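Under the UniProt record's numbering, the first residue of the sequence shown is numbered 1, with each subsequent residue one higher.
What follows is one structure encoded as structure tokens, with my remarks underneath.
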Amino acid sequence: MHYSYKTKGTCSRLIEFDVIDNTVHNVKFICGCDGNLTGIGRLVEGMILDDVIHKLEGISCDGKPTSCPDQLSKALKSVKIEG
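Here you go:
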């Protein structure tokens, strides 16, 4: 299933991703630090949803209470709540 998540408090504005059989695929961040965010997408490719949430949840950026990785964890949590 394909999802879009509007981020809050980060340079990225949107995260698009797929969840197939409880695994994360095709993560793309819209705006933000392209190299770092492309790297995050590649690193989490094929990982189990809960594992990605556990690894990325709570990461902050430059003193802000959230970050692009943290926003991805929130996006994935919202998928769990829906499903």
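Backbone N, C-alpha and C fix where the C-beta goes; we use that ideal spot for every residue, glycine too.
Note that the structure is predicted; figures quoted are calculated from it, not measured.
May I ask which residues mark the beginning and end of the alpha helix (DSSP H) holding residue i?
i, result
"Thr38", "Asp34 to Val44"
"Tyr6", "At residue 6 the sequence reads Lys, which differs from the Tyr that was named. No alpha helix (DSSP H) contains Lys6, which is instead part of the beta strand (DSSP E) from His2 to Lys6."
DSSP three-state label for residue i, please.
i, result
"Cys68", "helix"
"Ile20", "strand"
"Ile15", "strand"
"Ile53", "helix"
"Ile59", "coil"
Tell me whether residue i is buried or exposed, calling it buried when 16 or more other Cβ atoms sit within 10 Å of its Cβ.
i, result
"Gly63", "exposed"
"Cys68", "buried"
"Gly35", "exposed"
"Ser60", "exposed"
"Asp21", "exposed"
Since residue i sits in a beta bridge, which residues does DSSP pair it with?
i, result
"Lys28", "Glu16"
"Ile48", "Thr23"
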